[in-house]
Amino acid sequence: MKRSIVQALDQPLRRLRKAIGVRVRSLGSRIALLYVVLLAVVTTATLIAAGSGVNTFAYETAERELAANSRVFDQIIASRQRQMADAGEVVAHDFGFREALATGDAPTLVSALQSLRDRAKVSEVAIVQLDGSVISSNMATTVKGTAMLSRLENGANRGVIRVGQAQALGAAVPIEMPDLAGWLVLLNTLGPADMAQLSGLSAAPIEARVIERAQLDGHLASLQLGQIAEMEGRDGPRLVRVSAIPSLEDGNEPRLVMAHSLNSVLARYFSLRLVLMLIGLFGLLAGAWAAVRLSREIARPLQLLAEAARAYAGGAVAKVKVEGAMEVRSLASSFNAMVDAVEEREQQIMHASLHDALTGLPNRRFFIEKLDRAVARQSGSHRTLVAFIDLDDFKAINDAMGHPFGDGLLRIVGQTLQERFPNAMVARLGGDEFGLLLEGIEPATDCTALARTLETLLNRELTIDGRSIAVSASIGIAIGPQDAGSSDSLLKCSDLALLRARNEGKGACHFFEPELDAEASRRRHLEIDLRRAIRDGDFELYFQPLFSISENRIKGFEALMRWPHKEHGMIGPATFIPIAEETGLIVQLGEWALRDACRQAAQWPEDISVAVNISPRQLMTDGLAPCIAQALAQSGLSASRLELEITESVFIGNVDKTLKLLHSLQALGVRVALDDFGTGYSSLSYLRSFPFNKIKIDQSFVRALEEGGSAHAIVRAITTLADALGMETLAEGVETQALMDILRHEGCDMIQGYLIGRPVPGEQVQRLLPSQQKTVSLS
Ligand code: C2E
Ligand code: MG
Ligand code: MG
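In terms of numbering that gives the first Met the number 0, the sequence shown is residues 0 to 778.
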């Protein structure tokens with residue numbers, strides 16, 4: 000309903016706006032205008048209805064008054080006629096008068112009539128004799144006795160009589176002496192003045208006149224007698240009623256025309272109309288005021304809300320006051336609640352984007368942001384220290400103890416660092432890498448002591464969920480501005496220091512030195528050279544004999560890569576293999592080594608095998624098995640003569656996948672040896688999980704044999720276990736006869752080392768073989 004009214008008013012409103020040239024843009028103005036117009040329409044309609052009601056009421060009142068007054072008029076006329084008749088009665092019975100009439104004493108009669116006229120206050124008194132002759136009080140009488148005769152004879156005694164052009168009220172009294180001698184007729188003219196006098200006797204201002212029927216003008220003549228009709232008069236609309244009055248004359252049909260001015264009735268209600276108008280105007284003004292207030296109450300909070308939303312979109316924390324009507328308060332509260340919720344969520348997102356979920360520490364991004372700011376402020380007296388911390392063997396710990404344990408370890412390390420260095424920013428930069436940022440370090444502060452604190456803090460036994468573990472960490476430290484003036488360089492310096500610390504072994508801490516930078520640059524150059532060398536095929540394979548103690552002969556050779564560099568001479572694998580591992584070039588390089596080793600070994604006697612080192616990176620690629628199969632097929636070397644040397648590090652990560660792969664390699668018919676045994680973590684468990692063909696005991700154990708101690712027992716344990724598992728054992732780095740003796744005594748099957756021979760180029764292998772009988776003292 001409301002909607003349809005609004006729609007209906009929309010078009011007129013638009014026209015109105017156009018007409019008054021006002022552009023109503025705001026909601027408040029629209030509501031106010033709409034309600035004012037609505038109110039004006041309603042008020043006008045009410046006033047019109049009330050006005051029409053008043054008009055109808057006035058009309059009916061006029062009608063009633065007219066009807067009532069015509070009765071009153073009749074009564075007044077009747078009463079006047081009675082008065083006239085009464086006055087006439089007295090004279091008609093007067094003896095002197097009758098005598099004068101009987102004697103025809105005209106002067107006496109006229110005198111009596113004049114006296115009666117004056118006494119009765121009528122306009123004329125006349126005697127109508129039986130023959131129709133008239134004796135009148137007035138000299139120039141126009142009374143026609145003959146015209147009255149028939150009516151008078153029939154007993155009519157009241158009625159209107161024509162007097163000249165006018166009509167007069169007449170009352171007749173018979174004159175009996177004792178026989179009827181005539182009639183005494185009293186006349187009172189009904190001219191405008193007389194009628195006005197009569198009208199003055201009625202309650203309402205009603206205009207009355209008596210005219211002959213023939214004189215009624217067109218519209219009046221058409222009216223039925225007694226009917227009330229509205230007609231236009233000189234003073235505006237009027238109600239008119241025409242009624243018949245008895246006549247005392249033949250040929251005279253007098254009509255009483257009564258008119259009642261409607262304006263005069265309406266004038267009585269003028270004050271009522273005025274009051275109604277004033278009430279309407281007051282109502283309109285009050286309504287307009289209320290509409291403006293209401294629209295403000297609605298529109299103002301909306302405007303405030305819009306302003307707050309704009310401010311909020313602009314980044315300010317904008318809230319609105321909770322006040323006003325219930326709905327507005329609820330809207331304001333909801334808006335404020337929304338602002339709070341978005342704020343909280345933003346903070347959460349911000350926190351999540353800058354923090355590590357596991358430890359709750361700042362993440363790398365946050366760390367770098369903070370470092371940027373710290374470096375921008377740093378100076379000789381306000382130094383910045385960045386420490387890169389890397390947990391040693393974290394992957395192995397994770398594998399061995401389980402991921403929940405690893406997570407716990409990371410949390411404890413983070414917490415410990417934070418507690419010990421409350422003024423520093425401790426961040427988790429990656430898997431097992433932490434960063435420590437200390438700014439504003441004064442020149443007097445001893446950074447070495449700080450490094451020592453870090454070392455002791457991170458190299459100790461920790462207990463997590465009741466399980467203890469010896470933890471160690473490598474730490475690289477750089478200090479700005481002495482080491483670097485930008486955050487990037489400072490980070491790089493601490494990274495290089497960490498690299499050095501890692502190379503130094505577990506639990507080491509290293510400060511950045513300019514040489515590290517030089518080393519890094521050397522490494523970069525080497526990497527470039529390495530790529531070129533791989534492309535140009537600059538590598539060579541050297542072969543080192545693998546000697547069987549029991550058979551006292553060389554049973555095979557281990558292929559060891561060499562890089563004859565044009566500038567730096569022969570480069571050993573210890574230098575370039577780590578770079579190749581890091582860059583992934585090892586995959587290409589390893590494939591070449593496999594093919595070339597197979598190709599050369601195929602030229603050797605049938606009972607001589609070849610061992611090829613396989614990097615963990617190579618094992619991770621899917622192409623290893625096909626590559627081996629291809630190398631064997633292309634060279635014609637039987638699979639049983641190829642031995643793959645893998646290190647324990649391949650088990651870090653997905654053990655199941657590695658085992659599956661090793662089984663698939665073994666299924667090709669090749670042998671699998673575990674290289675550098677004893678340098679990694681839980682070595683013995685790997686021995687149980689895969690049927691290695693050979694275990695190569697690391698040089699470090701072998702050397703330790705010369706020093707006595709527990710090494711004997713360890714080597715013995717390994718050989719015994721390997722024996723039990725059906726695996727061969729080979730000791731690496733055997734340089735002396737004495738060592739070989741010990742190894743033989745400890746049950747080792749084979750040896751490799753300078754004692755038997757150093758790695759030699761491929762073409763020299765053949766030369767070593769005929770001298771199988773090379774004397775190696777077994778005693
Ligand atoms: P590895 O597989 O344990 O090889 C044995 C290393 O011990 C060789 O060093 C060898 O020269 C050295 N060696 C042998 N006997 C003695 C000895 O009596 N005394 C001493 N001091 N050292 C001895 P090399 O050739 O420098 O190789 C180092 C490592 O580089 C290898 O250790 C192997 O892990 C890796 N490597 C070599 N060639 C390749 C390759 O083609 N592919 C892969 N992935 N790694 C390779
Ligand atoms: Mg090896
Ligand atoms: Mg080895």
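All residues carry an ideal CB built from backbone N, CA and C; glycine is no exception.
Item                                                                                                                                                                  : Value
For the alpha helix (DSSP H) that contains LEU449, what are its first and last residues?                                                                              : 446-457
Check whether the Cβ atoms of ILE411 and ILE348 sit closer than 9 angstroms, and answer yes or no.                                                                    : no
Tell me the DSSP bridge mates of ALA730?                                                                                                                              : ILE696, ILE750
For LYS695, verify whether its CB is less than 8 angstroms away from any heavy atom of ligand 2.                                                                      : yes
Where DSSP assigns a beta bridge to PHE556, which residues make up the other side?                                                                                    : PRO544, VAL609
The beta strand (DSSP E) with GLY801 in it runs from where to where?                                                                                                  : Any property of residue 801 remains undetermined from this structure, which presents the chain solely from 0 to 778.
If contacts are defined as beta-carbon pairs under 8 angstroms, then ILE160 and MET147 qualify, I think. What distance do you get, rounded to the angstrom?           : 7 angstroms
If you draw a straight line from the alpha carbon of ALA220 to that of ARG254, how long is it in whole angstroms?                                                     : 10 angstroms
Any idea what DSSP makes of GLN765, helix, strand or coil?                                                                                                            : helix
Using the Cα positions of LEU779 and SER294, report the straight-line distance between them to the nearest angstrom.                                                  : Examination of residue 779 is not possible in this model, given that the chain is present from 0 through 778 alone.
Nearest by alpha-carbon distance to GLY314: which of SER332, LYS491, GLU342 is it?                                                                                    : GLU342
Are the CB atoms of LEU384 and GLU368 nearer to each other than 9 angstroms?                                                                                          : no
Taking C-beta to C-beta, are GLU745 and ARG715 nearer than 9 angstroms?                                                                                               : yes
Determine the closest residue to ALA259 out of GLY323, GLU59, ARG212, with distance taken between C-alpha atoms.                                                      : Note that residue 259 corresponds to His in the displayed sequence, not to Ala. Comparing Cα positions, the closest option is GLU59.
At which residues does the beta strand (DSSP E) containing GLU512 begin and terminate?                                                                                : Counting along the chain, GLU512 falls outside any beta strand (DSSP E), and DSSP gives it neither H nor E.
List the endpoints of the continuous beta strand (DSSP E) containing HIS181.                                                                                          : Checking the sequence, you will find Gly at residue 181 rather than His. Note, GLY181: beta strand (DSSP E), 179-188.
Keeping to the same chain, check which residues put their C-beta closer than 6 angstroms to that of GLU460; ignore five residues upstream and five downstream.        : SER467, ALA469
Check whether the Cβ atoms of VAL319 and PHE334 sit closer than 9 angstroms, and answer yes or no.                                                                    : yes
Ignore the nearest five residues each way along the sequence and tell me which others in SER681's own chain have a CB closer than 7 angstroms to its CB.              : Reliability of the predicted coordinates at SER681 is poor, the pLDDT of 47 falling under 50, and no value is obtained from them.
Straight-line CA distance for GLY286 to ASP216?                                                                                                                       : 53 angstroms
With distance defined between alpha-carbon atoms, name the residue in THR415, VAL338, GLY323, PRO480 nearest to SER378.                                               : PRO480
If I measure Cβ to Cβ from ASN156 and keep anything under 6 angstroms in the same chain, skipping five residues before and after, which residues do I get?            : ALA171
Could you tell me whether any non-hydrogen atom of ligand 1 is closer than 8 angstroms to the CB of VAL759?                                                           : no
From this set, ILE227, LEU390, GLU229, LEU185, which residue's C-alpha is nearest LEU247's C-alpha?                                                                   : LEU185
Just verifying my parser: in three-state terms, what is the DSSP assignment at PHE433?                                                                                : strand
Alpha carbon to alpha carbon, what distance is there between MET424 and CYS508?                                                                                       : 19 angstroms
In whole angstroms, what is the alpha-carbon distance linking VAL53 and ARG272?                                                                                       : 8 angstroms
Measure how close the beta-carbons of LEU785 and LEU265 come, nearest whole angstrom, since I'm counting them as under 8 angstroms.                                   : A question about residue 785 goes unanswered here, because the residues of the chain that appear run from 0 up to 778.
Report, in whole angstroms, the separation of the C-beta atoms of ALA61 and LEU261, which I expect to be a contact under 8 angstroms.                                 : 6 angstroms
Pick out whichever of PRO173, ALA517, SER114, HIS711 has its Cα sitting closest to the Cα of ASN137.                                                                  : SER114
Short of 8 angstroms in beta carbon distance, which residues of its chain neighbour THR719, apart from the five on each side in sequence? Order them along the chain. : GLY746
Which two residues bound the contiguous alpha helix (DSSP H) that contains ILE576?                                                                                    : 572-582
What residue range does the beta strand (DSSP E) around ILE468 cover?                                                                                                 : 466-470
Under 8 angstroms from any heavy atom of ligand 2, does the C-beta of ASN612 make it?                                                                                 : yes
If you follow the beta strand (DSSP E) that GLU642 is part of, which residue opens it and which one closes it?                                                        : 641-646
Based on DSSP bridge pairs, tell me the residues matched to GLN128.                                                                                                   : GLY181
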